[in-house]
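Only one structure is covered here, and it is reproduced in the block below.
Number of protein chains: 2
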Amino acid sequence: MNSFIYDIPTRVYFGENQLGNLGAELSKYGKRVLLTYGGGSIKKIGLYGKIVEEVKKAGLELFELSGIEPNPRVSSVNAGADICKKENIDVLLAVGGGSVIDCTKFIGAAAFYDGDAWDILTQKVTVEKCLPIIDVLTLAATGSEMDCGGVISNPETKDKIGLLFPVMQPKVSFLDPTNTYTVSKYQTACGAADMFNHILEVYFNRNQDLYMLDTVMEGLLKTIIKFAPVAMAEPENYEARANLMWTSSWAINGFVNGGKMQAWSCHPMEHELSAIYDITHGLGLAILTPRWMEYTLDETTVSKFYQFGCNVFGIDPKLDPMDVAKKSIEMVSEFLFHTLELQNSFTEIGIDTSNFEVMARKAVMLGGLAYAFKPLNEDDVVNIFKMCL
Amino acid sequence: MNSFIYDIPTRVYFGENQLGNLGAELSKYGKRVLLTYGGGSIKKIGLYGKIVEEVKKAGLELFELSGIEPNPRVSSVNAGADICKKENIDVLLAVGGGSVIDCTKFIGAAAFYDGDAWDILTQKVTVEKCLPIIDVLTLAATGSEMDCGGVISNPETKDKIGLLFPVMQPKVSFLDPTNTYTVSKYQTACGAADMFNHILEVYFNRNQDLYMLDTVMEGLLKTIIKFAPVAMAEPENYEARANLMWTSSWAINGFVNGGKMQAWSCHPMEHELSAIYDITHGLGLAILTPRWMEYTLDETTVSKFYQFGCNVFGIDPKLDPMDVAKKSIEMVSEFLFHTLELQNSFTEIGIDTSNFEVMARKAVMLGGLAYAFKPLNEDDVVNIFKMCL
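Following this line, the structure appears as structure tokens:
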């Protein structure tokens, strides 16, 4: 069992009507605030107006960067960093989903670097300082609101790179489930698939586990399975939105990891997909996950699948372990493609075989797939991609 | 569903061989360190020597307060605060179980108050500042290593008072399961009973729950049930000690609470017991808990017991809910009195009826039992005490 450091200092205001604390929290870090957001949905839902009001009420000066992309691009990072330098920004206020928060983290880091922010992603330079970040979350999915990582795309090089730096951890996150009421049925499903996979990437591992963390992960998985369809059917169901929102944060804030050292599997593969095809991350994960499970199941891995099937899906523990394992993969497919109604193949979303080799090579190299739950080489990844057609 | 603030900034070094980080962590806060500990068991297990070595290696100056009691007394708080003032202490280093850490929290607060520390406990003065606290945990039980509360006794007034102040939250906790290898079978059992009850105090509530937190609590309870007997039978079983240690922190660090506002039930009653009889907290809780459950079970509360019985003890959900509820209470008794081998009555530990009324009055007044899961008045508490005879 590996040792580990637990350190999640983000303060979270969870629930409705907490924005009254925003001004005081921002003021701890200075007067000049850069508000970052995406395509403008925060204006449609009235959140933009409320935030501007709180910022003004606190006597702070507001600057803006809008238009951050769903798979955020390094050009947005550079644009934000330029504003930070030019306007002497003290604190960043990210309002949106994981893409906006991810991008804002690297803006905060690039504000201290005189050069192309891509140098940070390619690790030519390291990150030792970051402007303080406060966020208001509008989508339950990536968990970026409570971790120190982010993923940035470079359309020119067709790269999509994820990195973690402790200084990029948000200081404060505002998690109001009502801010996710207008998230579409489809994006709700993609978010659920994303957080579901975040847990599986850790749950399926070969380190000796802390049982208590396995039980927590099983609980989080059951929560997603229970409430994702409720939120899809009743978008303004507070209980469903609240459960999904808090689960998305805990799926990936580091708590459930508990010293496990192994590389993730589906995420590295998916990052290559969305780097080239610009698909929604959760959708790419959904298509990959059951195929990866099928490819990974064998006599050496069956016990973890058995535990998963019994404890998450309630499959009869008296059945043969391999049968439980296979049934559990069917249940995952059923959840992703029927309950969540996600497309279930590359073909359906316009991905053909033409980039399989290049994506497989990058996934193995950047994702360290040789150190995954079941070690995967380039041929393995191509095989999994083919199963997704 | 209530809103809440989540804020657990304690950094935790979990696992073996992490003490090499102690010097650097202490040095962040200054040069003059007050080491606090109990009766000297840390010398027997060699931990004292290792800590002194790390502190010296970091070039820090070490002062000491030993002899902190199992139910820590206000006299120890005053003694520690005196050292802090006289020696200009910069940082506190608590090495021990919950009693040592609790006491150290109030030492850190009383260091800024010129008067009897009991004034803090009786809330004549409030706590706005506290010396920084780092701890090395040697007993999995109270969760003090990751929360901002503590309980202090005053033998003169026969009071035992618990309070929370955010500034008392430990900055860093070192959780090495091997430091609990020498904890006796009996104290291991009492610690398990303590953490078990911490979860029940929150799990059984009338607020609308976040389902995801209920699933987490069910997982933590299952972990205690699974590993407490293992640690009792094999005191050097790392997996068992690690699971119990990390579970004890998460049982009460605030995470599972998630906005629930209701008062606790068994803790206020137990504090009165150990204030007068100086018994081990976990033992008092163990005797009270199944009686409180029995007294609390009725048509209005049965659904929570049903959920508990099915999800924690795996009782057949097809049975009648009231039967599941009753069976779940039997299983709790079985766990506490047979598996953990704890004494199961007041009579066995020398408590008679003579203080029932005074203890009941204080428990209701200090513990706010009118706002508990099942509201309890003085007569109710006396009735529960009588069931414990």
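Line order of the protein sequences matches chains A and B.
Going from the first sequence to this note's numbering is simple: count from 1 and add 38.
Going from the second sequence to this note's numbering is simple: count from 1 and add 38.
We put the CB at the ideal spot given by N, CA and C, even for glycine.
Start and end residues, alpha helix (DSSP H) containing residue i
i, result
"R279/A", "276-290"
"Y151/A", "Unbroken run through Y151/A: none, as it is neither H nor E."
"S366/B", "359-371"
"R49/A", "No alpha helix (DSSP H) holds R49/A; the beta strand (DSSP E) holding it covers 49-52."
"T74/A", "Here T74/A belongs to no alpha helix (DSSP H); instead the beta strand (DSSP E) covers 70-74."
"G229/A", "223-241"
"A132/B", "Note, A132/B: premise wrong, no alpha helix (DSSP H); beta strand (DSSP E) at 129-134."
Whole-number beta carbon distance between residue j and residue i, since they are thought to touch under 8 Å
i, j, result
"S222/B", "P110/B", "That pair is no contact at about 19 Å."
"I80/B", "G134/B", "7 Å"
"A271/B", "L378/B", "12 Å between Cβ atoms; not a contact."
"G184/B", "S287/B", "The residue you asked about is not Gly; residue 184/B is Met in the sequence shown. With a Cβ gap of about 4 Å, M184/B and S287/B count as contacting."
"P328/A", "L374/A", "7 Å"
"K167/B", "V112/B", "Not really, about 19 Å apart at Cβ, beyond 8 Å."
"T253/A", "M250/B", "Not quite, the Cβ-Cβ distance comes to about 13 Å (not below 8 Å), so this is no contact."
"P47/A", "P47/B", "5 Å"
"M331/B", "V370/B", "6 Å"
"Y219/B", "P273/B", "6 Å"
Start and end residues, beta strand (DSSP E) containing residue i
i, result
"K198/B", "197-202"
"E99/B", "99-103"
"I190/B", "187-192"
"D173/B", "171-175"
"I43/A", "42-44"
"G352/B", "Here G352/B belongs to no beta strand (DSSP E), and DSSP marks it neither H nor E."
"S211/A", "210-213"
Minimum Cβ-Cβ distance from residue i to chain B less than 9 Å
i, result
"F52/A", "yes"
"D354/A", "no"
"W288/A", "yes"
"F42/A", "yes"
"K264/A", "yes"
"Y276/A", "yes"
"M39/A", "yes"
"A132/A", "no"
Beta carbon of residue i nearer than 9 Å to that of residue j
i, j, result
"F351/B", "Y241/B", "no"
"C186/A", "A149/A", "no"
"V71/B", "V129/B", "yes"
"A227/B", "H309/B", "no"
"N281/A", "L248/B", "yes"
"A363/A", "F343/A", "yes"
"F42/A", "G200/A", "no"
"A155/B", "A119/B", "yes"
"F144/B", "G188/B", "yes"
"G76/A", "G105/A", "yes"
"I387/B", "Y315/B", "yes"
"L169/A", "I127/A", "yes"
"A313/B", "K162/B", "no"
"L407/A", "I367/A", "no"
"A278/B", "G181/B", "no"
"L323/B", "M397/B", "no"
"T164/A", "T74/A", "no"
Own chain, CB closer than 6 Å to residue i, minus 5 neighbours either side, in chain order
i, result
"Y333/A", "I422"
"V210/A", "R49, E63, I172"
"M360/B", "V340"
"L159/B", "I190, I199"
Cβ-based neighbour list, residue i, same chain, cut-off 8 Å, excluding 5 preceding and 5 following
i, result
"K95/B", "G61"
"N217/B", "I83, L85, V174, L175, T176"
"E125/A", "R70, L72, F101"
"K260/B", "V350"
Cutoff 7 Å; reference residue i; Cβ partners in own chain excluding five residues on either side
i, result
"E239/A", "W302, S303, C304, H305"
"E54/A", "D214, T216"
"Y409/A", "Q300, A301"
"E107/A", "S114, S137"
"C426/A", "I325, L326, R329, S383, F384"
"V320/A", "For the record, residue 320/A in the displayed sequence is Gly; it is not Val. A179, C228, G229, A231, D232."
Residue-level contact to chain A via CB, residue i, 9 Å cutoff
i, result
"G297/B", "yes"
"F144/B", "no"
"D45/B", "yes"
"M369/B", "no"
"L248/B", "yes"
"R244/B", "no"
"G257/B", "yes"
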